[in-house]
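Engineer: Below you will find the structure I want to go over with you.
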Amino acid sequence: MSGPSRPTVLTPPGPGRLAAPERSEKPAPAGTAAMAARHVRALREDMLALTGTVESLVREVAALRQDVARLGAQAPTRAEPQAPAPSELAVRVGKVERRLAKLRRRVDWLS
8 MSGPSRPTVL
18 TPPGPGRLAA
28 PERSEKPAPA
38 GTAAMAARHV
48 RALREDMLAL
58 TGTVESLVRE
68 VAALRQDVAR
78 LGAQAPTRAE
88 PQAPAPSELA
98 VRVGKVERRL
108 AKLRRRVDWL
118 S
């Protein structure tokens, strides 16, 4: 009668990356490769979704920067009281840029 099998240990060799599992003498249980393939596919789908989100945020940041530049170049008039002030747009740009940086870190971690 043999004892319980040793669990596979994943150790991170660097930031955001996992090392290959330690090899054991016993063959892997049936279905392990299929399960790993499903996880890899799910991670790829997540990465593609995050990449799309990052790209849309990049476009949004560019549009907000153009708005900030346009509003900064215009003299303030009383005809446009509902237009956001350039400082408000700068705050929005900052928020979007922070979200973009966070998503880029997640994409880097997944890849």
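When we follow the numbering used here, the leftmost residue of the sequence shown carries the number 8, and every step to the right adds one.
For each residue, glycine too, the CB sits at the ideal point set by N, CA and C.
Here the structure is a predicted model, which means the values were calculated and not measured.
Helix, strand or coil: how does DSSP classify Pro36 here?
Structural biologist: Here residue 36 corresponds to residue number 29 of the sequence shown, with the count starting at 1. If DSSP states are grouped into helix, strand and coil, Pro36 belongs with coil.
Engineer: If I'm right that Val114 touches Val61 with Cβ under 8 Å, what's the distance once you round it to whole angstroms?
Structural biologist: By 1-based counting over the sequence shown, the position of residue 114 is 107. By 1-based counting over the sequence shown, the position of residue 61 is 54. Their Cβ separation, rounded to whole angstroms, is 6 Å, which keeps Val114 and Val61 in contact under 8 Å.
Engineer: When burial is assigned at 16 or more other CB atoms within 10 Å of the CB, is Leu96 buried or exposed?
Structural biologist: For the purposes of this step, residue 96 is identified with residue 89 of the sequence shown, where counting begins at 1. Leu96 comes out buried.
Engineer: Rounded to whole angstroms, what is the Cα-Cα separation between Thr39 and Ser63?
Structural biologist: Taking the first residue of the sequence shown as 1, we reach residue 39 at position 32. Taking the first residue of the sequence shown as 1, we reach residue 63 at position 56. Cα-Cα distance, rounded: 36 Å.
Engineer: Take Asp53 and list the residues in its own chain whose beta-carbon comes closer than 8 Å to its own, dropping the five residues that flank it on each side.
Structural biologist: Counted from its first residue, the sequence shown places residue 53 at position 46. Leu117, listed in sequence order.
Engineer: Under 9 Å, do Pro93 and Leu110 count as touching if we go by C-beta distance?
Structural biologist: Taking the first residue of the sequence shown as position 1, residue 93 is located at position 86. Taking the first residue of the sequence shown as position 1, residue 110 is located at position 103. Going by C-beta atoms, Pro93 is not nearer than 9 Å to Leu110.
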